[in-house]
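From first to last, the protein sequence lines stand for chains U and H. Residue 16 is where the first sequence starts when you use our numbering, and the numbers rise one by one after that. Residue 93 is where the second sequence starts when you use our numbering, and the numbers rise one by one after that.
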Amino acid sequence: MSPNLLHALAGLRRLAPLGLVLAVTALVVPPATVHEDPAALVRVERAHNVDMTPNVIWVLMLGSDARPGQSVLRSRADAIQLVGINTRTGAATAIGIPRDSYVNIPGHGRSKINASMMYGGPELMARSVGDMVGIRPDYVFSTSFWGFSHMVDAIGGITVQSRYAFSDPLKPHGFRVGKNHVNGVQALVFARIRKAFAGGDFTRSANQQRAMLGILNQVRRNADKPGFMERGVMSVLNNMATPNMGPAEVYRLAQAAARVNPNRFRTCVVGGSTGYAGAASVVFPNIGQARSIAGRARKDATLEGSC
Amino acid sequence: MLLLTMSGCTGDSEPGSAPSPLPSRSVDSAATLEAKPVPMDVSVAKVVGGKLKRPQVQAIESQVSRALSRYFDAAFLAGEYPRRDFHTALGEFSQGAAQRAASDRDLLTNAAIGATTEGVVPRTKQARLDVLVPGRFVAGLTARVRLVFVQQRTDGADQRVTVTGRLLMSRKKSGPWQIFGYDVTRSSVPVAKGADR
């Protein structure tokens, strides 16, 4: 890594891959506990917390379209989620950004935001997102879609809530409205498909957030099982690039992320209108809405009110 | 990638099964000046990622055992009861974790019951360790702990107290193991009259 790139990275506290958050959003952390089994009616008190500074961290989670052999740090990002995690309260907010959002990319003029990764890697991606919404991420996680699939499998699959019924050859009976338990590949389909929906890119971004919630639920349900968190973190380390971040820090971050309470996980997708920039189909994002969401959630990762 | 297949297992025992020696009750003094001699039972249960040689396993068990023993003693078992001073109880926690634990002191220590306790009799001190070894070095571990002790109350209504859950631990290079996170529960049940404390 060149000194210039290292310098550029200095603005980010750490760079690392998405699966974690995926893992993170549980992965991110924990209600499971080893309970006593008293015979009488007994009050059982519980306490849990994880040392993480600062209390609120913002993680840019990216799903890269990198093919085998390509770097997830230099390929277009097809999934873009900015996630704030309050490790003290367990609240979290995910801001979904349509990948075709047509924005200013520092040093490169206007283009689709997901091209930032190709132009300048995760540090430029973080700057582009930061300029768009007004929050500069502390960490960047990036994984390939297959890496995402592997991580979902490593935690035993997830349950996603679908708003729409749709079919796909990889899920024999298709996706139904409501709960769907999916394995890694099926989770990947759920997070990637867009042409089946009138909402296109916006619905896909919302489905990515539903997949994140599914991961969070799965992690919290199993966090107290022997070795579960360690296996999840190992999967993250195996499937995500984690430049400037050692395994011990990933482990701590994962444990902190697992503190997120699914009931306090709020999601919004930045809206906008579709159109063309030259011959390219793009999304003109609602920048005012994006900054409003980020402005309300910046301090405590807690989003009150509507998107 | 089936990461589950990468998990090694050096044992699958769980906290809670082995009986502990029963210390005799102090009759000449209500104070427990030192923790009663219940052995700290610590063992590595799972190794995830790489492999550990037996000496490495033993070193981890020994180091973590010392850290957990210091915590259990400082927070629950040692000291002179009735006891009001618990300011060193979280000395094995990282600075940030200790700060966050301030609001959970009643659960993570005996601070809430120390003044009405005339003695503490340990019954079980156990930990099973799940260790993450992504390369040559241990990145962190989860200690699944179980601590049981009898609270000898000043009013005679003794309680059997159980603290169980997970303590998340890491260490800096060559430094001691520290607790950077916790997820524990605490419960207590009356000790029946005539029952062995």
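Here a beta-carbon is modelled for each residue, glycine too, at the ideal position from N, C-alpha and C.
Could you name the residues that DSSP lists as bridge partners for residue i?
| i | result |
| --- | --- |
| E60/U | R278/H |
| P300/U | G287/U |
| D222/H | K138/H and T234/H |
| K240/U | DSSP output for K240/U lists no bridge partner at all. |
| N101/U | V71/U |
| F241/H | P214/H and V253/H |
| S313/H | Outside the displayed range of chain H (93 to 289) lies residue 313/H, so it cannot be described from this structure. |
| T209/H | R245/H |
| T282/U | A109/U |
| G78/U | A94/U and T158/U |
In whole angstroms, give me the CA-to-CA distance for residue i and residue j.
| i | j | result |
| --- | --- | --- |
| V213/H | G248/H | 14 Å |
| A151/H | L233/H | 14 Å |
| L259/H | T104/U | 19 Å |
| H63/U | R274/U | 8 Å |
| G188/H | H188/U | 49 Å |
| A41/U | T246/H | Caution applies to A41/U, whose pLDDT of 36 falls short of 50 and renders its modelled position unreliable; the value that the coordinates give is listed next. Those two C-alpha atoms are separated by around 44 Å. |
| R279/U | R146/H | 43 Å |
| R246/U | V140/H | 6 Å |
| C322/U | R209/U | 21 Å |
| P201/H | F178/H | Reading off the sequence shown, one finds Thr at residue 201/H, where the question assumed Pro. About 8 Å. |
| A213/U | R219/U | 10 Å |
| P226/H | S262/H | 14 Å |
| V330/U | L77/U | The shown model of chain U, from 16 to 322, leaves out residue 330/U, and the question about it has no answer. |
| D66/U | T289/U | 43 Å |
| A204/H | R197/H | 8 Å |
| N70/U | R82/U | 36 Å |
Looking at the structure shown, is residue i part of a helix, part of a strand, or coil, going by DSSP?
| i | result |
| --- | --- |
| H123/U | coil |
| D250/H | coil |
| G162/U | helix |
| P129/H | coil |
| N195/U | strand |
| P152/U | coil |
| L199/H | helix |
| S294/H | In this structure chain H extends from 93 to 289, so residue 294/H is not present and cannot be described. |
| L170/U | For the record, residue 170/U in the displayed sequence is Ile; it is not Leu. DSSP places I170/U in coil when its eight states are reduced to three. |
| E245/U | helix |
| A167/H | helix |
| A109/U | strand |
| G135/U | helix |
| Q96/U | strand |
| L231/U | helix |
| P277/U | helix |
| Y173/H | coil |
| Q85/U | coil |
| P184/U | coil |
So, for residue i: in the same chain, excluding its five sequence neighbours on each side, which residues have a beta-carbon less than 7 Å away from its beta-carbon?
| i | result |
| --- | --- |
| D168/U | N198 and G199 |
| S157/H | M132 and V134 |
| H165/U | G199, S250 and N254 |
| N222/U | F205 and A206 |
| G273/H | A189 and L260 |
| G149/U | R306, A309 and G310 |
Just the chain H side, please: which residues come within less than 8 Å of residue i by C-beta, in chain order?
| i | result |
| --- | --- |
| Y266/U | L224, A231, G232 and S262 |
| V5/U | Not covered by the structure: residue 5/U. The range shown for chain U is 16 to 322. |
Applying a beta-carbon distance threshold of less than 7 Å, which residues of chain H neighbour residue i?
| i | result |
| --- | --- |
| M244/U | T234 |
| Q270/U | L260 and G273 |
| A62/U | D196, L199, L200, Y274 and V276 |
| L252/U | P226 |
Once you ignore the five residues that flank residue i on each side, which residues in its own chain have a CB closer than 6 Å to its CB?
| i | result |
| --- | --- |
| S79/U | V87, S90, A92, S157 and S159 |
| A312/U | G99, T108 and L318 |
| L199/H | R278 |
| N195/U | V175 and S177 |
| S126/U | I120 |
| R225/U | V175 and Q176 |
Kindly list the residues whose CB is nearer than 8 Å to the CB of residue i, restricted to its own chain and excluding five residues on each side of it in sequence; keep chain order.
| i | result |
| --- | --- |
| P282/H | A249, D250, Q251 and R252 |
| L160/H | M132, V134, E184, K217, A219, A235, V237 and L259 |
| P277/U | L228, L231, N232 and R235 |
| T209/H | Y173, P174, R175, N202, Q243, Q244, R245 and T246 |
Run through chain H and tell me which residues come within less than 9 Å of residue i, C-beta to C-beta.
| i | result |
| --- | --- |
| T68/U | G188 |
| D183/U | Going along chain H, no residue has its Cβ under 9 Å from D183/U, so there is no contact; the nearest lies around 22 Å. |
For a contact meaning CB atoms closer than 8 Å, what does residue i contact in chain U?
| i | result |
| --- | --- |
| G227/H | P262 |
| R192/H | N64, V65, D66 and R103 |
Just the chain U side, please: which residues come within less than 7 Å of residue i by C-beta, in chain order?
| i | result |
| --- | --- |
| G141/H | M249 |
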